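Enquirer:
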Amino acid sequence: MAGTYSNLNFHVVFSTKNRDAIITPELEQELYPYIAGIIKGEEGILLKIGGTENHVHLVIRLKPRHVIPDILKKIKANSSKWINEHKKINSRFSWQGGYGIFSVGESQLPRTIEYVGNQKKHHQRVTFKEEFIGFLEKNGIQYDPEHIWR
Numbered sequence: 171m172a173g174t175y176s177n178l179n180f181h182v183v184f185s186t187k188n189r190d191a192i193i194t195p196e197l198e199q200e201l202y203p204y205i206a207g208i209i210k211g212e213e214g215i216l217l218k219i220g221g222t223e224n225h226v227h228l229v230i231r232l233k234p235r236h237v238i239p240d241i242l243k244k245i246k247a248n249s250s251k252w253i254n255e256h257k258k259i260n261s262r263f264s265w266q267g268g269y270g271i272f273s274v275g276e277s278q279l280p281r282t283i284e285y286v287g288n289q290k291k292h293h294q295r296v297t298f299k300e301e302f303i304g305f306l307e308k309n310g311i312q313y314d315p316e317h318i319w320r
């Protein structure tokens, strides 16, 4: 084969430090495009972004050459640096360590994009902790309940 052909879609979830409710609607309007720019700068494609005041969901398409931990580190580090340097909030901002990342097949992509776009409505019924534990369990990912929220 004369080339590399791929379709690597991921649903990524990460929260603010201590799941603090600090992503205001005003911050969100600037933060989401900033995160999109980071992903584009890394030659990834942001298919959807959504979240609430304490966490963010991304649906992204990456290339086989991308190293997932490196991409997520850049997204989190650069966005928190931008928030702090531009004093977007009244305190020091940081993301929680770690993240969840789940592969998304092409047939599930529209449903995942819709889900991410409806985060605010979804979280009227379900907490972030309940949602995240549900993702882990649905995907067969083992976790230690004593250490997951540190």
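Adding 170 to a residue's 1-based position in the sequence shown gives its number in the numbering used here. Ideal Cβ placement from N, Cα and C applies to all residues, glycine included. As the structure is a computational prediction, the values presented were derived from the model and not from experiment.
(1) In chain order, what are the residue ranges of uninterrupted beta strand (DSSP E) at least 3 long that sit wholly in the region 217-300?
(2) If you check the beta carbons only, do residue 303 and residue 180 fall under 8 angstroms apart?
(3) Could you have a look at residue 179 and say whether DSSP puts it in helix, strand or coil?
(4) Any chance the region 202-212 sits against the region 292-303, with 3 or more Cβ pairs inside 8 angstroms?
(5) Using only CA atoms, which one of 262, 235, 183, 281 lies nearest to residue 174?
(6) Who does residue 215 pair with in a DSSP beta bridge?
(7) Can you round the beta-carbon distance between residue 253 and residue 259 to whole angstroms, since I take them to be within the 8 angstroms contact cut?
(8) To the nearest angstrom, report how far apart residue 213 and residue 229 are at their CA atoms.
(9) Could you say which of 231, 310, 238, 265 lies nearest to residue 176 if we only look at CA atoms?
(10) Rounded to whole angstroms, how far is the Cβ of residue 274 from the Cβ of residue 227, which I believe are closer than 8 angstroms?
Expert: Looking at the coordinates:
(1) 225-232, 270-274
(2) no
(3) strand
(4) no
(5) 235
(6) 231
(7) 6 angstroms
(8) 14 angstroms
(9) 231
(10) No, residue 274 and residue 227 are not in contact; Cβ-Cβ is about 11 angstroms, not under 8 angstroms.
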